[in-house]
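Under this note's numbering, residues 10 to 118 are what the sequence shown spells out, in order.
Where is the CB? At the ideal position from N, CA and C, for every residue including glycine.
All of these numbers come straight from a predicted model, not from anything done at the bench.
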Amino acid sequence: MIMDYQKLDAALTMALNESPEGSLEIFIHTHTHLDAGATAVLKSLGINCVKANQEIFTATVSPDQISQLSAQPWVKFLRQSATLDVMRSPKLSLLSSHHNRFSTKLRRD
């Protein structure tokens with residue numbers, strides 16, 4: 010199946026390129042009203058609580074499953090679910106080190 014990269018965010022595309030074999034946790038953004046076929050696909054991914062008018066789902070899926078989801082007409086887009094690691098975030102760790110220098114300077118004065 011051919012991946013529809015227009016439905017993938019940049020972070021998910023990069024994650025797929027970096028780890029083409031591993032599973033990824035993603036957000037699945039869908040159209041509001043899902044039919045029985047769409048619900049069956051979501052359930053096959055382990056999403057059992059499909060509620061009326063729900064549009065966003067989370068699943069841990071393989072690259073092949075991402076490709077299959079990207080081809081579904083009821084899928085708007087797919088986004089990588091990522092946890093925020095403050096110490097690994099370049100901007101936040103830079104702010105943290107700047108804050109530490111500022112705090113040290115204040116204590117010396």
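* To do: Determine, using beta carbons only, whether Glu27 comes closer than 9 Å to chain B.
  => The question asks about chain B, but that chain is absent: this structure has only one protein chain.
* Can you name the residues that DSSP bridges to Thr69? -> Glu34
* Asked: Would you call Lys60 buried or exposed, if buried means 16 or more other Cβ atoms sit within 10 Å of its Cβ?
  -> exposed
* To do: Compare the beta carbon distance of Ser90 and Leu33 with 9 Å and say whether it is the shorter of the two.
  => yes
* Asked: Among Gln63, Leu17, Gln74 and Ser79, which residue has its Cα nearest to the Cα of Gly31?
  -> Gln74
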